Amino acid sequence: MAGKGAKRVEKKQRITLELLWKQRYLLMMSLPFVIWLVIFKYIPLWGWTMAFQEVKPATFAIPIWERPFVGFANFTKAFEDRLFQQTMINTIGISILQIAVGTVVAIAFAVLLNELVFSGFKKVTQTVSYLPHFVSWVIIASIAKNIFNDGGVIDSLVGTNLHLMSTNSPLIWLVIVLIECWKEMGWSAIIYLSSMAGIDPGLYEAAQIDGANRFQKIWHITLPGIRPTIVVLLIMSIGGALNVGMERQMLLSNALVQDHTMVLSWFSYMRGIKSSDYGLGTALGVFQSVVGIVLLLIANKIASMVGEDKLV
């Protein structure tokens, strides 16, 4: 029995080596990306040790392994901060809105593009729609403020001040999410369009013979056909629920609405960089990453339990 087991192991090793040799050029091509991943993604994780140390500008000259160890004091300090609770509410609220509205808008736009008959108009529309993705948030924020600020374009059209960006209420969440949807709608639709291109045309022909109208084809063929893609993207979005962009929030915010626009990444910047408390800032970053991983695993597990495709 031992001899048979050794032979099986030897056979498996030989097959593995043969496969590696056949794919040697692909492995060589992927090597630079693996090196980049290790250098810029894994080696910096060593910096997480600062979350458990007292790191101030005065301690920079001290080697990282000799800095004062404070355990979970930085986490406790962060959670007890007067702004932490409101920051978490803002982050979760904006994330839920962004995932829900952004997904629906991107799918609807992709379906509309897919249903266009004139290919020339379709290409132009698609190109124009994803151009805002490449525009800086500085420019986007300037345009948005001219439109939504008091006395802006919308107020001029309505004839009264709606206070969309100057009211201290969660209404600013909706404004931010709508601006984000406008900026990323075309770019997000590309993935759904690619998924729609893989649907068997014979299904539409069969539905046409059975007398299905266009809406019925979309509901019973197009949407079920891209469901695996929707699920995978939703899982990834849920995993990044706490990673709401600081740049967007800072540029679209002002003193009147900052209580409802400050998110976790911005809070980490203010407490860690501006206040020179790098241990506290790192603790918030670690918390953000750990919660993101947990949410990703939970969403992945739920997708598996209900019979949908999952990431792994």
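This note's numbering numbers the first residue of the sequence shown as 48 and each following residue consecutively.
In this text, a Cβ means the ideal position worked out from N, Cα and C, and glycines have one as well.
Bear in mind the structure is a predicted one, so any value in this text is a computation, not a measurement.
- State the beta-bridge partners of Q60 as determined by DSSP. Translated into the one-based positions of the sequence shown, residue 60 becomes position 13. DSSP output for Q60 lists no bridge partner at all.
- Task: Could you please give the first and the last residue of the uninterrupted alpha helix (DSSP H) stretch that includes V263?
- Result: Within the sequence shown, residue 263 is the residue found at index 216, counting from 1. Note that residue 263 is Gln in the sequence shown, not Val. Looking at the DSSP string, the run of the alpha helix (DSSP H) that includes Q263 is R261 to K264.
- Task: Determine which residues share a DSSP beta bridge with Q305 and list them.
- Result: As a position in the sequence shown, residue 305 is number 258, starting the count at 1. Paired residues: none, contrary to the question.
- Query: For A125, which option in T63, A330, I154 and V200 has the closest C-alpha, if you only look at C-alpha atoms?
  - Reply: The sequence position of residue 125 within the sequence shown is 78, counting from 1. The option with the nearest alpha carbon to A125 is A330.
- Pairwise C-alpha distance: S312 and T138: Residue 138 sits at position 91 when you count from the first residue of the sequence shown. Residue 312 sits at position 265 when you count from the first residue of the sequence shown. Looking at the two C-alpha atoms, the distance is approximately 9 Å.
- N- and C-terminal bounds of the alpha helix (DSSP H) containing G339: Locating residue 339 in the sequence shown gives position 292, counting from the first residue. Residues Y325 to M352.
- Query: Residues bridged to F116 by DSSP?
  - Reply: Counting from 1 along the sequence shown, the entry for residue 116 is found at position 69. Answer is Q100.
- Query: Can the beta-carbon of W234 be found less than 8 Å from the beta-carbon of Y316?
  - Reply: Sequence index remark: in the sequence shown, residue 234 carries index 187 (1-based). Sequence index remark: in the sequence shown, residue 316 carries index 269 (1-based). Contact: no.
- Query: What are the boundary residues of the alpha helix (DSSP H) that includes K170?
  - Reply: As a first step, residue 170 is located in the sequence shown; it is residue number 123 there, counting from the start. Where K170 is concerned, the enclosing alpha helix (DSSP H) stretches over S166 to Y177.
- Query: For the alpha helix (DSSP H) that N137 lies in, which residues bound it at each end?
  - Reply: Reading the sequence shown from its first residue, position 90 is the one you call residue 137. Its alpha helix (DSSP H) spans residues F131 to E162.
- Query: Between the beta-carbon of M97 and the beta-carbon of Y325, is there less than 8 Å?
  - Reply: For the purposes of this step, residue 97 is identified with residue 50 of the sequence shown, where counting begins at 1. For the purposes of this step, residue 325 is identified with residue 278 of the sequence shown, where counting begins at 1. Yes, these two residues count as a Cβ contact at 8 Å.
- Task: Could you check what DSSP says for F314 in three-state terms: helix, strand or coil?
- Result: Here residue 314 corresponds to residue number 267 of the sequence shown, with the count starting at 1. Three-state DSSP puts F314 in a helix.
- Hey, would you say L289 sits closer than 8 Å to V222, going by beta carbons? Position 242 of the sequence shown, counted from the first residue, corresponds to residue 289. Position 175 of the sequence shown, counted from the first residue, corresponds to residue 222. Taking 8 Å as the Cβ cut-off, L289 and V222 do not qualify as a contacting pair.
- Message: For E188 and R295, I'd like the C-alpha separation in whole angstroms.
- Response: Translated into the one-based positions of the sequence shown, residue 188 becomes position 141. Translated into the one-based positions of the sequence shown, residue 295 becomes position 248. In the sequence as presented, Glu is not what sits at residue 188; that position holds Ala. A188 and R295: Cα-Cα distance of roughly 8 Å.
- Message: Under 8 Å, with one C-beta from each stretch per pair, do the stretch 257 to 268 and the stretch 178 to 186 reach the 3-pair mark?
- Response: no
- Item | Same chain, Cβ closer than 8 Å to I146, five either side skipped, listed in chain order | Here residue 146 refers to the residue found at position 99 when the sequence shown is read from its first residue. Hits under 8 Å: L281, S284, I285 and A288.
- By how many angstroms is the C-alpha of H307 removed from the C-alpha of S216? Stepping through the sequence shown from its first residue, residue 216 is reached at position 169. Stepping through the sequence shown from its first residue, residue 307 is reached at position 260. Using only the alpha carbons, I get a separation of about 7 Å.
- Item | Pairwise C-alpha distance: I141 and K192 | Locating residue 192 in the sequence shown gives position 145, where the first residue counts as 1. Locating residue 141 in the sequence shown gives position 94, where the first residue counts as 1. Their Cα atoms are separated by approximately 19 Å.
- Item | Cutoff 7 Å; reference I194; Cβ partners in own chain excluding five residues on either side | As a working note, residue 194 is residue 147 in the sequence shown. Excluding positions up to five away in sequence, the list reads V200 and I201.
- So P275 is in the alpha helix (DSSP H); what residue range does that whole segment cover? Sequence index remark: in the sequence shown, residue 275 carries index 228 (1-based). Taken as a continuous stretch (DSSP letters only), the alpha helix (DSSP H) holding P275 covers R274 to G286.
- Message: Taking 7 Å as the limit between beta carbons, can you name the residues of its chain near L342, skipping five residues before and five after?
- Response: Reading the sequence shown from its first residue, position 295 is the one you call residue 342. For L342, where only same-chain residues beyond five positions count, the Cβ hits under 7 Å are I285, G286 and A288.
- Query: Thinking C-alpha only, which one of L67, D197, L159 and G118 is nearest M243?
  - Reply: As a first step, residue 243 is located in the sequence shown; it is residue number 196 there, counting from the start. With distances taken between Cα atoms, M243 lies closest to L159.
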